[in-house]
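Asker: The structure is given below, and queries will be raised subsequently.
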Amino acid sequence: MRQSALFTKTRKEAPANEESTNAKLLCRAGFAQKEMAGVYSFLPLGVRVLNKIGSIIREEMEAVGGQEVLLPALQAKENWVKTGRWESMDDLYKLKDRGNREFALGPTHEEILVPLMKQFVASYKDLPVAVYQLQNKFRDELRAKSGLLRGREFLMKDMYSFHADEEDMKNYYEVMKGAYRNVFSRLGLRARETEASGGTFSDFSHEYQVLTEAGEDTILYCECGFSQNMEIATGKHGDKCPRCKKGTLLEGKSIEVGNIFPLKDRFSQAFGLSYSDEKGKAHLVHMGCYGIGLGRAMGTIVEVHHDEKGIVWPASVAPFQAHLLSLPGAEKEGEKAYAALLGGGVEVLFDDRQDATPGEKFADADLLGIPLRVLVSEKTAKAKKVEVKARGEESSKLMEIDKIGTLL
RNA sequence: CGGGGUAUGGUGCAACGGUAGCACGCGUCCUUUGGGAGGACGUAGUCCCAGUUCGAAUCUGGGUACCCCGACCA
Numbered sequence: 001m002r003q004s005a006l007f008t009k010t011r012k013e014a015p016a017n018e019e020s021t022n023a024k025l026l027c028r029a030g031f032a033q034k035e036m037a038g039v040y041s042f043l044p045l046g047v048r049v050l051n052k053i054g055s056i057i058r059e060e061m062e063a064v065g066g067q068e069v070l071l072p073a074l075q076a077k078e079n080w081v082k083t084g085r086w087e088s089m090d091d092l093y094k095l096k097d098r099g100n101r102e103f104a105l106g107p108t109h110e111e112i113l114v115p116l117m118k119q120f121v122a123s124y125k126d127l128p129v130a131v132y133q134l135q136n137k138f139r140d141e142l143r144a145k146s147g148l149l150r151g152r153e154f155l156m157k158d159m160y161s162f163h164a165d166e167e168d169m170k171n172y173y174e175v176m177k178g179a180y181r182n183v184f185s186r187l188g189l190r191a192r193e194t195e196a197s198g199g200t201f202s203d204f205s206h207e208y209q210v211l212t213e214a215g216e217d218t219i220l221y222c223e224c225g226f227s228q229n230m231e232i233a234t235g236k237h238g239d240k241c242p243r244c245k246k247g248t249l250l251e252g253k254s255i256e257v258g259n260i261f262p263l264k265d266r267f268s269q270a271f272g273l274s275y276s277d278e279k280g281k282a283h284l285v286h287m288g289c290y291g292i293g294l295g296r297a298m299g300t301i302v303e304v305h306h307d308e309k310g311i312v313w314p315a316s317v318a319p320f321q322a323h324l325l326s327l328p329g330a331e332k333e334g335e336k337a338y339a340a341l342l343g344g345g346v347e348v349l350f351d352d353r354q355d356a357t358p359g360e361k362f363a364d365a366d367l368l369g370i371p372l373r374v375l376v377s378e379k380t381a382k383a384k385k386v387e388v389k390a391r392g393e394e395s396s397k398l399m400e401i402d403k404i405g406t407l408l
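When we follow my numbering, the leftmost residue of the first sequence carries the number 1, and every step to the right adds one.
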């Protein structure tokens, strides 16, 4: 798209009410804007990133048999009373309609999905099944913080799996670990599969933790892959790794970008979700639950991939694949390169602004963080070339304008 | 929810209880054009409610919002 048409603009200064690196950069660059503490609007560039993240997640969920749905945020009180969470869940948003009836804004979707699955799951033949969605969650956090990292309304992928017994659930749980490793590696995040507490439902859970000072969790980890959340760790910094017996355990702050945990029959019990086995005997369904916060993943990527000039997006989630800049005196060649890039199927943002100086264009390109910068100036145009530079690198190379469509 | 801090044009910052100023942005014009250009003119503001005072951006009380630390966080 043409940058001259993009309605958002960059800012030199970060908003005074943002402290975190991810929010400062994303707001300065025009990807997002804070509306309230923990609530952000996503602007065109930000939506493109969220969609890229969403596509990767969808592909990996579909690859392990996930079926996509879209469940409502507005939920009946009675389902929450049935599971006891109307009273026990402190961060549940509750609201009333004109008739004084009460509702919940969904912080998670067991209360909707389990009753829904009762309509369709009756036999062992209907199992296993896995259902997921990308949807906005609402949680009344006591303290929203760190930009996109802890919000009160946020986009989340939540998946729920349904199984005949615990063993089948556990097998699928291992499959999901693989899917999660794929997702985070494709997002450009080194997420450590971390053992964590099971919370109220389960004996254990696994969190996908990305080491960074911006994190609010602390993990104890070894380069061999061992990782435990400090809340359950028995060892300490400097101990020998209990897994590989060679490495030394390190302690680090980290962001939980995803988590998976067994639900067992906690919700199938509450709603009576059962199936008949081969002999016609009824059993409760076993469930697993798997979450990834998309906005939090986006914020984490920025925390991990930036420099003093701006964001450095991994190619997989960048809003565009290439950022074409045309400098004064090369307007015509800029248009030519733009057409060539589009013709080559390259997702390109074209900085065709006439009223921006070269310095501004360079600074904006660095701030936006698109992986490849393609530059046409009077100098390069004379030679019928463009200059291609990767974000985060100093060196550049020249390419023929006509061949720029084959850039990728 | 406990503690600390902040609140001034669209954005970022100044202003002793005494004329609200600077930079960026935005608008018009001129000159510029390989790392956020220069000049001229213009545009726009004290979070809300009370109080003290001759006079409040500034002091006091209350409220609201935001940030940070903690607690909380399927």
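Glycine included, every Cβ here is placed at the ideal spot set by N, Cα and C.
What does the alpha-carbon distance come out to for the pair Glu195 and Gly247?
Answerer: Counting from one through the first sequence, the residue named residue 195 turns up at place 195. Counting from one through the first sequence, the residue named residue 247 turns up at place 247. In a straight line, the C-alpha of Glu195 is about 18 Å away from that of Gly247.
Asker: Since I believe Ser197 is in contact with Ser205 (beta carbons under 8 Å), could you give me their beta-carbon distance rounded to a whole number of angstroms?
Answerer: Here residue 205 is taken as the residue at index 205 of the first sequence, counted from 1. Here residue 197 is taken as the residue at index 197 of the first sequence, counted from 1. That pair is a contact at about 7 Å.
Asker: Check the DSSP bridge columns for Lys119 and list the partner residues they point to.
Answerer: Indexing the first sequence from 1 puts residue 119 at position 119. Correcting the residue type first, residue 119 is Gln in the shown sequence and not Lys. Answer by DSSP bridge pairing: none, since Gln119 is not bridged.
Asker: Can you tell me whether Ser254 is buried or exposed, with buried defined as 16 or more other CB within 10 angstroms of its CB?
Answerer: Here residue 254 is taken as the residue at index 254 of the first sequence, counted from 1. It is buried - the Cβ of Ser254 has at least 16 other Cβ atoms within 10 Å.
Asker: Thinking just about the alpha-carbon of each residue, which of Leu71, Ile219, Pro371 and Gln75 is nearest to the one in Met159?
Answerer: Numbered from its first residue, the first sequence carries residue 159 at position 159. Checked all of Leu71, Ile219, Pro371 and Gln75; the closest Cα to Met159 is Leu71.
Asker: Per the DSSP calculation, Met176 is bridged to which residue(s)?
Answerer: One-based indexing of the first sequence puts residue 176 at position 176. Answer is none; Met176 lacks a bridge partner.
Asker: Is the beta carbon of Ala315 sitting closer than 7 Å to the one on Ile404?
Answerer: Reading the first sequence from its first residue, position 315 is the one you call residue 315. Reading the first sequence from its first residue, position 404 is the one you call residue 404. No. Outside cutoff.
Asker: How would you call Phe7, buried or exposed, if buried means at least 16 neighbouring beta carbons within 10 angstroms?
Answerer: Position 7 of the first sequence, counted from the start, is the residue given in the question as residue 7. So Phe7 counts as exposed.
Asker: Whole-angstrom Cβ separation of Leu50 and Tyr275, contact assumed at under 8 Å?
Answerer: One-based indexing of the first sequence puts residue 50 at position 50. One-based indexing of the first sequence puts residue 275 at position 275. Not a contact, Cβ separation roughly 36 Å.
Asker: Mind reading off the beta-carbon distance from Glu412 to Leu211? Whole number of angstroms is fine, and I expect it under 8 Å.
Answerer: Absent from the structure is residue 412, since the part of the chain shown begins at 1 and ends at 408.
Asker: With distance defined between alpha-carbon atoms, name the residue in Leu113, Gly54, Gly46 and Val39 nearest to Leu25.
Answerer: Start at 1 with the first residue of the first sequence, and residue 25 comes out as number 25. The residue with the shortest Cα to Cα distance from Leu25 is Gly46.
Asker: Cutting at 7 Å between CB atoms, please list the residues of its own chain near Gly54, excluding the five before and the five after it.
Answerer: Numbered from 1 along the first sequence, position 54 holds the residue referred to as residue 54. Taken in chain order, the residues that qualify are Leu134 and Leu294.
Asker: Taking 8 Å as the cut-off, does the region 146 to 163 touch the region 284 to 301 (at least 3 CB pairs, one atom from each stretch)?
Answerer: The region 284 to 301 vs the region 146 to 163: in contact.
Asker: Would the region 74 to 84 and the region 315 to 325 be scored as touching if the rule is three or more Cβ pairs under 8 Å?
Answerer: Contact between the region 74 to 84 and the region 315 to 325 is absent, because fewer than three Cβ pairs lie under 8 Å.
Asker: Let me know if Gly99 comes out buried or exposed under the rule of 16 or more other beta-carbons within 10 Å of its beta-carbon.
Answerer: To locate residue 99, count along the first sequence from 1; it is residue 99. That one is exposed.
Asker: Could you check what DSSP says for Gly310 in three-state terms: helix, strand or coil?
Answerer: The count along the first sequence starts at 1 and reaches residue 310 at position 310. Strand.
Asker: Check Leu273 in the structure and name its three-state DSSP category.
Answerer: Residue 273 sits at position 273 when you count from the first residue of the first sequence. In this structure, Leu273 counts as coil in the three-state DSSP scheme.
Asker: Start and end of the alpha helix (DSSP H) containing Ala381?
Answerer: Position 381 of the first sequence, counted from the start, is the residue given in the question as residue 381. Segment Glu378 to Lys382, the alpha helix (DSSP H) holding Ala381.
Asker: Give the secondary structure of Ser197 by DSSP, where H, G and I count as helix, E and B as strand, and everything else as coil.
Answerer: Looking up residue 197 in the first sequence gives position 197. Residue state, collapsed to three classes: strand.
Asker: Run through the DSSP bridge pairs and tell me what Thr218 is partnered with.
Answerer: Taking the first sequence and counting its residues from 1, one reaches residue 218 at position 218. Its beta-bridge partners are Lys253.
Asker: Taking the beta carbon of Cys222 as the centre, do at least 16 other beta carbons fall within 10 Å, making it buried, or is it exposed?
Answerer: Start at 1 with the first residue of the first sequence, and residue 222 comes out as number 222. So Cys222 ends up on the buried side.
Asker: At what residues does the beta strand (DSSP E) containing Val129 begin and finish?
Answerer: For the purposes of this step, residue 129 is identified with residue 129 of the first sequence, where counting begins at 1. Counting along the chain, the beta strand (DSSP E) containing Val129 begins and ends at Val129 to Phe138.
Asker: Just how far apart, CA to CA, sit Val348 and Ser4?
Answerer: Position 348 of the first sequence holds residue 348. Position 4 of the first sequence holds residue 4. Roughly 13 Å between the two C-alpha positions.
Asker: Is Met410 helix, strand or coil by DSSP?
Answerer: Since the first residue shown for the chain is 1 and the last is 408, residue 410 is missing from the structure and cannot be characterised.
Asker: For Asp355, does the three-state DSSP call read helix, strand or coil?
Answerer: Along the first sequence, read from residue 1 onward, the residue named residue 355 stands at position 355. Residue state, collapsed to three classes: coil.
Asker: Using the rule of at least 16 other Cβ atoms within 10 Å of the residue's Cβ for burial, across every protein chain shown, is Asp277 buried or exposed?
Answerer: Stepping through the first sequence from its first residue, residue 277 is reached at position 277. Exposed, because fewer than 16 other Cβ atoms sit within 10 Å of the Cβ of Asp277.
Asker: In whole angstroms, what separates the C-alpha of Arg2 from that of Ser396?
Answerer: Position 2 of the first sequence holds residue 2. Position 396 of the first sequence holds residue 396. So the alpha carbons of these two residues sit roughly 23 Å apart.
Asker: For Gly258, which three-state DSSP category applies?
Answerer: Here residue 258 is taken as the residue at index 258 of the first sequence, counted from 1. Of the three classes helix, strand and coil, the one that applies to Gly258 here is strand, per DSSP.
Asker: So if DSSP puts Leu74 in a beta bridge, which residue, or which two residues, is it bridged to?
Answerer: Position 74 of the first sequence, counted from the start, is the residue given in the question as residue 74. According to DSSP, which records beta bridges pairwise, Leu74 is partnered with Leu105.
Asker: How many whole angstroms separate the CB atoms of Phe103 and Ala76, which I take to be in contact at a CB cut-off of 8 Å?
Answerer: Reading the first sequence from its first residue, position 103 is the one you call residue 103. Reading the first sequence from its first residue, position 76 is the one you call residue 76. The pair is a contact, with the Cβ atoms about 7 Å apart (cut-off 8 Å).
Asker: Give the DSSP bridge partners of Ser205, in chain order.
Answerer: Looking up residue 205 in the first sequence gives position 205. Paired residues: Ala196.
Asker: Give me, in chain order, the residues of the same chain whose beta-carbon lies closer than 7 Å to that of Pro358; leave out the 5 immediate sequence neighbours on both sides.
Answerer: In the first sequence, the residue the question calls residue 358 occupies position 358. Correct list, in chain order: Leu327.
Asker: Excluding sequence positions up to five away, which residues of its chain have a Cβ less than 6 Å from the Cβ of Val114?
Answerer: Numbered from 1 along the first sequence, position 114 holds the residue referred to as residue 114. Closer than 6 Å at Cβ, skipping near neighbours: Phe267, Phe271 and Leu273.
Asker: So what's Leu189 in DSSP terms, helix, strand or just coil?
Answerer: Counting from one through the first sequence, the residue named residue 189 turns up at place 189. Here Leu189 sits in coil by DSSP.
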